[in-house]
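Asker:
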Amino acid sequence: MTTTHPAPSAHPSATDVFTHSLDLLLAKDIDGWVALWAPDGVFEFPFALPGAPHRLVGRDAVRGYMADYPDHIDLRSFEDLTVHRTEDPETIVVELRGTGRAVATGRPFDMPYIQVVTVHEGRITRFRDYWNGALAADAFDGEIPVGGPRTGNAPVGNTLAGDAR
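Each residue of the sequence shown is one higher than the last, beginning at 324 in this note's numbering.
1. At a cut of 8 Å, does the segment 439-453 reach the segment 390-405 through at least three beta carbon pairs?
2. On the DSSP bridge assignment, give the partners of aspartate 433 in chain order.
3. Isoleucine 353: which of Pro393, Ala460 and Val417 sits nearest, CA to CA?
4. Give every residue of the same chain whose Cβ lies closer than 6 Å to the Cβ of aspartate 464, excluding the five residues on either side of it in the sequence, and list them in chain order.
5. Please report the straight-line C-alpha distance between aspartate 346 and glycine 381, rounded to a whole angstrom.
6. Is the beta carbon of valine 357 closer than 9 Å to that of histidine 395?
7. Return the residue from the list Pro369, Asp363, Ala375 and Arg449 that minimises the CA-CA distance to phenylalanine 341.
8. Closest by CA to phenylalanine 370, which one among Ala462, Arg446 and Tyr436?
9. Between which two residues does the beta strand (DSSP E) harbouring tryptophan 360 extend?
10. Excluding the 5 residues flanking arginine 420 on each side, which residues of the same chain have their C-beta closer than 6 Å to its C-beta?
11. Looking at leucine 347 and the ligand SAM, is the gap between the Cβ and the nearest heavy atom below 8 Å?
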């Protein structure tokens with residue numbers, strides 16, 4: 324009896340892309356992190372704070388949103404990482420904690436996340452980021468520079484679209 328196995332994928336798995344993305348964030352390599360995104364990738368924040376975008380469409384919108392992230396949050400580690408595979412091999416559900424400090428205040432930053440990530444052909448096509456704005460507010464003395472209202476962003480509930488090149 325001959326057993327056939329599916330051909331190995333020429334692209335990294337969703338888990339591989341996600342764990343690489345964590346390494347890039349820790350290295351503060353936002354350009355490298357954004358390069359993992361598909362040109363028309365969608366970044367969603369179901370629990371976005373008032374005034375913050377709930378949805379970013381396109382790599383350029385993601386780049387604009389994340390460009391100054393290291394200026395505000397000095398990430399030091401990702402802990403308690405658990406990856407749950409789904410019936411769709413391109414989608415994973417991830418539980419983790421990001422730890423570090425808020426640059427402006429020096430206060431500890433310790434954020435639990437649940438993230439639902441879809442990767443197609445080695446690129447992030449959808450990323451739903453569930454995080455707690457109240458915890459971030461504590462680290463930033465109530466002024467949240469990342470994920471809060473930002474100049475040029477669309478009103479709550481609207482979508483920010485970038486040039487999807």
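Ideal Cβ placement from N, Cα and C applies to all residues, glycine included. Remember, predicted model here, so these are calculated numbers, not experimental data.
Answerer: Taking the definition as stated:
1. no
2. Thr422
3. Pro393
4. Thr428
5. 22 Å
6. no
7. Arg449
8. Tyr436
9. 360-367
10. Glu402, Asp403 and Pro435
11. Annotation note on the ligand SAM: not contained in the displayed structure, which lists no ligands.
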